[in-house]
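All remarks here apply to the structure that follows.
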Amino acid sequence: MKIENIRAIVTGAASGIGRCIAVELARTGGIVVGGDINVDGLNELEAESANLPGKIYGMYVDVANESLVKSFMSQAFEKMGYANTLVNNAGILQDGLLVMREDEGWLRKLPTAQWKRVLDVNLTGSFLMAREFAAEVIERDISPSLIVNISSITRSGNPGQSNYSASKAGLDAQTRTWALELAPLGFRVAGIAPGLTKTSILSQVSEQTQADIISKIPLGRMADPYEIWLAMRFIIECDYFTGRIIEVDGGADISH
Ligand SMILES: NC(=O)c1ccc[n+]([C@@H]2O[C@H](COP(=O)([O-])OP(=O)(O)OC[C@H]3O[C@@H](n4cnc5c(N)ncnc54)[C@H](O)[C@@H]3O)[C@@H](O)[C@H]2O)c1
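Below you can see the structure in the form of structure tokens.
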């Protein structure tokens, strides 16, 4: 696909990786609807796009809320005239060990609500967005089209992240499944699995943990969101790429 022909819906666009992808798409002339729960962040993003060749519209959506996703999707298509790309990027962390002995000897269990919320946003949210996007694309006979799911290298398991790792492993399974199901209908579906990346999600990860992770990364640093965008650009431009997940992790995944 040609980048300048992109009409994209990017979730989690108010911050970090999603914001970078939205801005870079608009920098190349693309039109973007950025969806997020952070309305202030969306307003700033919209204002920033005034100086770019393309355009970004900010629109509130909680990706875990089915009825909001449905109305968001039809409004997004209306706003842009049509859409041919979905980036499932919205994601959250709510880390905790499965069971943990507290200092007082009390056994803390990972609360079910903490497990569910991460699955609801990262996995079900991506499912709802992809289903509604695919339905609109097929109804309107738009081809070619593209879905990109933002995964994580911690999909293979990471202490303290049963919910997050499970959500990202499930997301990768959806990427491969949808690539098979939707290829005959003109879709490509791919993923990007970043390693540690400099965004506000890391405010929930202690400095010490970040330093420990960085010490094990062969390239010795975390990624910049722009480096995740470069993988996105490759996926857009390479029409033979589908069903695969690109790891952008400074070598972290091969070093242990
Ligand atoms: N930063 C990293 O180290 C890293 C590593 C691997 C994968 N990722 C993944 O990259 C993606 C983007 O994360 P980021 O690092 O840019 O974090 P971020 O916190 O900067 O951005 C996430 C955005 O998602 C939005 N969001 C959260 N819940 C939402 C909901 N229910 N509906 C709509 N929007 C919602 C937030 O408001 C925020 O703007 C996530 O899927 C994350 O899991 C990040």
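Residue numbers (the working numbering): 1 to 256.
Just so it is clear, CB atoms sit at the ideal spot from N, CA and C, and this is done for glycine as well.
Return yes when the Cβ of residue j is within less than 8 Å of the Cβ of residue i, no when it is not.
i	j	result
residue 72	residue 61	yes
residue 11	residue 63	yes
residue 150	residue 190	no
residue 210	residue 219	no
residue 289	residue 22	Any question about residue 289 goes unanswered here, given that the chain covers just 1 to 256.
residue 118	residue 89	no
residue 1	residue 217	no
Taking the alpha carbon of residue i as the reference point, which residue from the options has its own alpha carbon closest?
i	options	result
residue 175	35, 20, 87	87
residue 5	83, 119, 70, 197	83
residue 199	225, 141, 180	225
residue 18	56, 52, 2	56
residue 74	135, 248, 96, 163	135
residue 35	51, 15, 53, 54	15
residue 178	28, 248, 49, 146	146
residue 214	144, 250, 109	250
residue 193	137, 205, 152	152
residue 171	130, 236, 42	130
residue 48	169, 20, 7	20
Near residue i, which residues of its chain fall below 7 Å by C-beta distance, leaving aside the five closest residues on each side in sequence?
i	result
residue 197	17, 222, 223, 225, 228
residue 33	9, 57, 59, 76, 79, 80
residue 128	63, 66, 69
residue 46	56, 57, 58
residue 29	4, 53, 54
Might you give, ordered along the chain, the residues of its own chain that have their beta carbon closer than 8 Å to the beta carbon of residue i, omitting 5 neighbours on each side?
i	result
residue 161	93, 95, 154
residue 138	185
Beta-carbon within less than 6 Å of residue i's beta-carbon, same chain only, minus the 5 sequence neighbours each way: which residues are those?
i	result
residue 122	91, 167
residue 142	82, 84
residue 120	64
Say the cut is 7 Å; is the CB of residue i nearer than that to a heavy atom of ligand 3?
i	result
residue 80	By its list of ligands, the structure shown excludes ligand 3, since it contains just ligand 1.
If we cut at 8 Å on Cβ distances, does residue i have a partner in chain C?
i	result
residue 30	No chain C is present in this structure, which holds just one protein chain.
Inset, instruction - List in chain order: all unbroken alpha helix (DSSP H) runs of 4+ residues lying wholly within the region 163-233. - result: Counting only runs of 4 or more, we get 207-215.
Legend entry - Within the region 42-82, ranges of the beta strand (DSSP E) (whole runs, at least 3 residues): 55-60
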